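A.B. asks:
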Amino acid sequence: MAMTPPYPARRPLGVSILAILVGIYGVVLILGGLLLLVGSVALSAIGFGPHFFGLAGVLAGAVVLIVGLIILGVALGLWHLRLWALVLALIVTFVELLGAAVGGHFVTFGFLFSLIIFVYLIAVHRHFH
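Start counting the sequence shown at 914; every next residue gets the next number (the numbering used here).
#1: Express the C-alpha separation of residue 1007 and residue 1031 in angstroms, rounding to a whole number.
#2: Between the alpha carbons of residue 1039 and residue 986, how many angstroms are there, rounded?
#3: Under a Cβ-count criterion, where at least 16 other Cβ atoms within 10 Å of its own Cβ denotes burial, should residue 1041 be classed as buried or exposed?
#4: Would you tell me roughly how many angstroms separate the C-alpha atoms of residue 923 and residue 929, rounded to the nearest one?
#5: Do residue 1002 and residue 926 come within 9 Å of each other at the CB atom, strictly closer than that value?
#6: Which residues bound the alpha helix (DSSP H) around residue 1010?
#7: Let me confirm a value: residue 933 is counted as buried when at least 16 other C-beta atoms fall within 10 Å, else exposed. Which label applies?
#8: Alpha helix (DSSP H) containing residue 941: first to last residue?
#9: Which value, in whole angstroms, describes the spacing of the CA atoms of residue 1010 and residue 939?
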């Protein structure tokens, strides 16, 4: 008797929404990083401003671009219910909660939103593999 593969895990709606929102944020960062990178190179090429600002803009654009690519990767990991993406999302939301707690901002929208996401991700952790 052949064993059938396990039934594929269904992605919870909240995880789908979160993955889409994180993906949109990643794409915006990628576009912003590219714009900063290309804009800095173009402004340096035409001699606008000191050379340092062109180099700083290129470095800043590269950093934003890399962060955007990482965030887009996390969004894809959440979409495909990868455990590493869940762990990374939990770490990021926990750090956000700690930052708000250290600053004494317990009743801000950001704190409450991070708390809801953190609790929700813990509640749906069984869907990730």
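The beta carbon of each residue, even a glycine, is placed where N, CA and C say it ideally should be.
Computed from a prediction, not measured in an experiment: that's the story for all the values here.
C.D. replies: In terms of the structure at hand:
#1: Their backbone Cα atoms lie some 7 Å apart in a straight line.
#2: 21 Å
#3: Under this definition residue 1041 is a buried residue.
#4: 10 Å
#5: no
#6: 996-1016
#7: So residue 933 counts as exposed.
#8: Element bounds for residue 941: 926-958.
#9: 21 Å
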